[in-house]
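Take the sequence shown: its letters are residues 409 to 575, numbered as in this note's numbering.
Notes follow once the structure below has been shown.
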Amino acid sequence: MSQNFKNLNFAKCFEMRSSTIGEPGNRTFSLDFFCLDATVKIRIEKQQLALLAREITKNQYKEIDKKTNIKHQKSPLEYEFKLVDFLISYKAENNNIEFQFLGENKEQESFVIKFEFNNLLSQKFAEKSFDLISKGRPICMLCFNPINDDGHFCIKMNGHIENVKIK
Numbered sequence: 409m410s411q412n413f414k415n416l417n418f419a420k421c422f423e424m425r426s427s428t429i430g431e432p433g434n435r436t437f438s439l440d441f442f443c444l445d446a447t448v449k450i451r452i453e454k455q456q457l458a459l460l461a462r463e464i465t466k467n468q469y470k471e472i473d474k475k476t477n478i479k480h481q482k483s484p485l486e487y488e489f490k491l492v493d494f495l496i497s498y499k500a501e502n503n504n505i506e507f508q509f510l511g512e513n514k515e516q517e518s519f520v521i522k523f524e525f526n527n528l529l530s531q532k533f534a535e536k537s538f539d540l541i542s543k544g545r546p547i548c549m550l551c552f553n554p555i556n557d558d559g560h561f562c563i564k565m566n567g568h569i570e571n572v573k574i575k
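Encoded structure:
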């Protein structure tokens, strides 16, 4: 990845979705953000989505505005990235969550994507993301990796059980 980062600041976005294509064990996850001046799609790993949703829920008991009057409009610019890393922080002054994503496009250019999203809508996004994740393969409670139909070799078992068949 190159060291020169291009900054994309979209201020406030009005919709955020997680989605997947494919069957469990072969799914591709993505985040879609709809902002006033752009639409952003970020390809993400299942574990990254789970971590993002968990971090968002840490702010669920902060002051939540019950009124969210944001209208969806088609954004003129479209961007697509693969997630490298992310940072989120709670903004008490406006009850938003600020998202910063480090991503890489197909040309391997690095970008920092930054925007804010309403806390209540962020919590709903996290809830829907957890639901989407849970529809796939079960997760090993020791190593947090997916369990395949033919069993699972858990690195946390230290070789004591070669191939655990869990269903």
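Note that beta-carbon positions come from the ideal geometry of N, C-alpha and C, so glycine has one too.
Owing to the predicted nature of the structure, the values given are computational and were not obtained by experimental measurement.
Through-space distance from residue j to residue i, alpha-carbon basis
i, j, result
"ILE547", "ILE555", "6 angstroms"
"CYS562", "ARG545", "15 angstroms"
"ASN527", "LYS564", "36 angstroms"
"LEU540", "LYS522", "24 angstroms"
"PHE542", "LEU485", "Note on identity: in this sequence residue 542 is Ser, with Phe being the wrong assignment. Between SER542 and LEU485, the C-alpha separation is close to 32 angstroms."
"VAL448", "TYR487", "5 angstroms"
"GLU463", "SER537", "12 angstroms"
"ASN503", "THR465", "14 angstroms"
"CYS363", "GLU431", "No information on residue 363 is available, as it lies outside the stretch 409 to 575 that the chain covers here."
Rounded distance between the beta-carbons of residue j and residue i, thought under 8 angstroms
i, j, result
"PHE489", "PHE519", "6 angstroms"
"GLU453", "PHE437", "7 angstroms"
"PHE509", "LEU529", "17 angstroms between Cβ atoms; not a contact."
"SER426", "LEU416", "The pair is not a contact, with the Cβ atoms about 20 angstroms apart (cut-off 8 angstroms)."
Residue range of the alpha helix (DSSP H) that includes residue i
i, result
"GLU453", "Neither: GLU453 is in no alpha helix (DSSP H) and is coded neither H nor E."
Range covered by the beta strand (DSSP E) that runs through residue i
i, result
"GLU423", "413-429"
Residues bridged to residue i (per DSSP)
i, result
"ASP440", "ARG425 and LYS449"
Please specify which runs of the beta strand (DSSP E), each continuous and at least 3 residues long, are wholly inside the stretch 484-570, giving them in chain order.
485-499, 504-512 and 518-526
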